[in-house]
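As structure tokens, the structure follows; a few thoughts come after it.
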Amino acid sequence: MSETLKLSWLITVRHWRVYRKYIWSNILPTVIEPCFFMLSLGLGMSAFVSEIDGKSYATFMGPGLAVSAAMFTAFFECSYGFYVRLKMDGIYKALLTTPISPREVVFGELIWVSLKGACMATGVSLIFILFGFIPLSWNLLGLFGVGALVGLACGAIGLISATMIKNISQFQTVYALIISPLFFFSGNLFPVERMPTWFQVGAHISPLYHGVKMGQMLLWQNVDVSVFFLHAGELTVMAVVFCWIAGVNVQKSLQS
Amino acid sequence: MQALVCQNVKKNFKSFHALKGVSFTVQEGECFGLLGPNGAGKSTLIGMLYGVVKRSSGSIEIFGKDPALQGRDVRARLGVVTQDDNLDNAMTVIENMTMYARYMGIPSAECLERVTELLEFMHLDHKKNAVIESLSGGMKRRLVFVRALIARPQILILDEPTTGLDPAVRQLLWDKINELKKQGTTVILTTHYMDEAERLCDRLVIMDEGEIRSQGSPKNLIQQHCPAFVAGVTKTPGLGESMERLGFSYYEDKLHGYIGGSSLRELSECLTTSNIVPQFLRPSNLEDVFLKITGRELADHE
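Going down the list, the sequences are from chains A and B. Each residue of the first sequence is one higher than the last, beginning at 3 in the numbering used here. Each residue of the second sequence is one higher than the last, beginning at 89 in the numbering used here.
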């Protein structure tokens, strides 16, 4: 088992080495987008939106946008990124001639994407804290965990789609039909509780919804422990199931 | 000692039988060739050796270990020159090599020394910090050799190693392969170049449609399947019968008629008396054997 972890970690190391070469242009899009959102909606729209549950619109959106950043970075890394590594550059063909096996490729991808999700969710939260949209608290550290879980679930969606599509342009369809709706309907832009019951129930199938809920509780410092762990549980189950499917699919596409 | 033992290896892709029961043995230190037309099952077999292709039945042992069950141990002893280069385009030459060395579990101090030495041998030391995209096809191929050799493999698997390379690079690589052979490395080679196989292989198998059609040393195979010398002539109706009456063999492929004889003198005397000017007159080679056994060239165009 330790050997498996060591070899999986090497794949994460490889990704980090590549990532850090152009670290600023890699980080920038993931970080700047939520900031633009904040600028446009948080500041622009706030003239028309009165407070939500006693919070300014910017404070309301902050945690949700931060957790969404984890989803985006994870999805793109495991969809386009993985597809290029798998089909175009074929780097796994070379990798699999070494002691690394397909299972370790899967673990390596997932470790990397969970770390990326964790750092992005925390990083974007920190920026919002610095701008004064969200109060600073130790709870910020909890965003590592939330980001990691969202990263795993959404990274797995990316991996699954990468193994199913026939052409790289089909990722746009996946994005339009899965990732976009997750972003728009997961309670990061408006409170799901104000929506009809069917919407509230439906939101539970979104991994992002649970992440957003957890992020909000943490950053607004009103954690209801039982509700928090309910969301954590649902998100964990989703992440495990998605990762498991992704693992089966990826191993199949690496071995014939 | 036996480096590789394959017994009755089969592979089915749904209803397609890519390998229909292949058995052979490779001794340690031997250079063993897998020849065959495209689609003969060579790459499927090679893939099984390092575990990316699962076999349907049969057994494979590499130094006594099954690559399907103990893949990690097996692969640590292999060096593979894959058919495609599959270099990591996101990294430079040296980064590619050091990262690969880490996958192979080589300590970084040892690795840098080894990589430098190999890059020098392959005349790539000046490209150390170059990005992969800037390399020519020949340079990439040489780099893939470096990659395969970093961990001092006991078995070197070469899947069409010199396809698309210029003669100078091919000679450089052949030189390296011979040097490794002398040091006791076992080499498994697939190639479409018969001169390459004849030059490098101690023993080889010719495969077609998932089966082994013939095996032996290049010399034996030529003796077994072809006359010692052949004269290439213009295809003429009736020539075959008259030659066979004179005790010479005759066959045709798409390009030439071939008159075969057991000695050069007899054959050239026969050509002179029959008043035939040959296009060439040469010893039979592995290519003749290959075409005769696989028959693909002939069968396809008849």
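The C-beta atom is built at its ideal place from N, Cα and C for all residues, glycine as well.
Collapsed DSSP secondary structure at residue i in the structure displayed
| i | result |
| --- | --- |
| residue 238 of chain B | coil |
| residue 301 of chain B | strand |
| residue 169 of chain B | strand |
| residue 105 of chain B | strand |
| residue 193 of chain A | coil |
| residue 247 of chain B | strand |
| residue 229 of chain B | helix |
| residue 92 of chain B | strand |
| residue 144 of chain B | coil |
| residue 318 of chain B | strand |
| residue 129 of chain A | helix |
| residue 356 of chain B | helix |
| residue 137 of chain A | coil |
| residue 367 of chain B | coil |
| residue 120 of chain B | strand |
| residue 296 of chain B | strand |
| residue 97 of chain B | strand |
| residue 203 of chain B | helix |
| residue 349 of chain B | strand |
| residue 324 of chain B | coil |
| residue 278 of chain B | strand |
Cutoff 8 Å: residue i Cβ touching any chain B Cβ
| i | result |
| --- | --- |
| residue 101 of chain A | yes |
| residue 92 of chain A | yes |
| residue 242 of chain A | no |
| residue 4 of chain A | no |
| residue 57 of chain A | no |
| residue 115 of chain A | no |
| residue 105 of chain A | no |
| residue 43 of chain A | no |
| residue 95 of chain A | yes |
| residue 208 of chain A | no |
Cross-chain neighbours of residue i in chain B, by beta carbon under 9 Å
| i | result |
| --- | --- |
| residue 249 of chain A | Result: empty, since nearest Cβ-Cβ is about 17 Å, beyond 9 Å. |
CB of residue i within 8 Å of CB of residue j, strictly
| i | j | result |
| --- | --- | --- |
| residue 119 of chain B | residue 275 of chain B | yes |
| residue 75 of chain A | residue 122 of chain A | yes |
| residue 108 of chain A | residue 213 of chain A | no |
| residue 319 of chain B | residue 359 of chain B | yes |
| residue 244 of chain A | residue 164 of chain A | no |
| residue 221 of chain A | residue 127 of chain A | yes |
| residue 125 of chain B | residue 382 of chain B | yes |
| residue 138 of chain B | residue 163 of chain B | yes |
| residue 128 of chain B | residue 297 of chain B | yes |
| residue 336 of chain B | residue 370 of chain B | no |
| residue 224 of chain B | residue 171 of chain B | no |
| residue 27 of chain A | residue 190 of chain A | no |
| residue 246 of chain B | residue 277 of chain B | yes |
| residue 136 of chain A | residue 65 of chain A | yes |
| residue 44 of chain A | residue 68 of chain A | no |
| residue 220 of chain B | residue 203 of chain B | no |
| residue 149 of chain A | residue 120 of chain A | yes |
Interface partners of residue i on chain B, CB under 8 Å
| i | result |
| --- | --- |
| residue 258 of chain A | 101, 135, 140, 141 and 142 |
Contact set between residue i and chain B, taken where Cβ atoms lie within less than 7 Å
| i | result |
| --- | --- |
| residue 196 of chain A | Within 7 Å Cβ-Cβ: nothing; residue 196 of chain A doesn't reach chain B, min ~46 Å. |
| residue 254 of chain A | Result: empty, since nearest Cβ-Cβ is about 11 Å, beyond 7 Å. |
Residue i burial status per 10 Å Cβ neighbour count (16 or more: buried)
| i | result |
| --- | --- |
| residue 161 of chain A | buried |
| residue 114 of chain A | buried |
| residue 47 of chain A | exposed |
| residue 230 of chain B | buried |
| residue 198 of chain B | exposed |
| residue 94 of chain A | buried |
| residue 176 of chain B | buried |
| residue 24 of chain A | exposed |
| residue 2 of chain A | Past the edges of chain A, shown from 3 to 258, lies residue 2 of chain A, and the structure says nothing about it. |
| residue 263 of chain B | exposed |
| residue 8 of chain A | exposed |
| residue 286 of chain B | buried |
Beta-carbon neighbours of residue i, restricted to chain A and to distances below 9 Å
| i | result |
| --- | --- |
| residue 248 of chain B | Correct list: empty, because the minimum Cβ distance to chain A is about 14 Å. |
| residue 192 of chain B | 100 and 101 |
| residue 187 of chain B | 12, 15, 16 and 19 |
Within chain A, partners of residue i - CB distance below 7 Å
| i | result |
| --- | --- |
| residue 374 of chain B | None at all; the shortest Cβ gap to chain A is about 28 Å. |
| residue 159 of chain B | 103 |
| residue 178 of chain B | 20 |
| residue 163 of chain B | 99, 100 and 101 |
Any C-beta of chain A under 8 Å from that of residue i
| i | result |
| --- | --- |
| residue 62 of chain B | As shown, chain B starts at 89 and ends at 390. That puts residue 62 of chain B outside it, with no answer to give. |
| residue 217 of chain B | no |
| residue 183 of chain B | yes |
| residue 166 of chain B | yes |
| residue 174 of chain B | yes |
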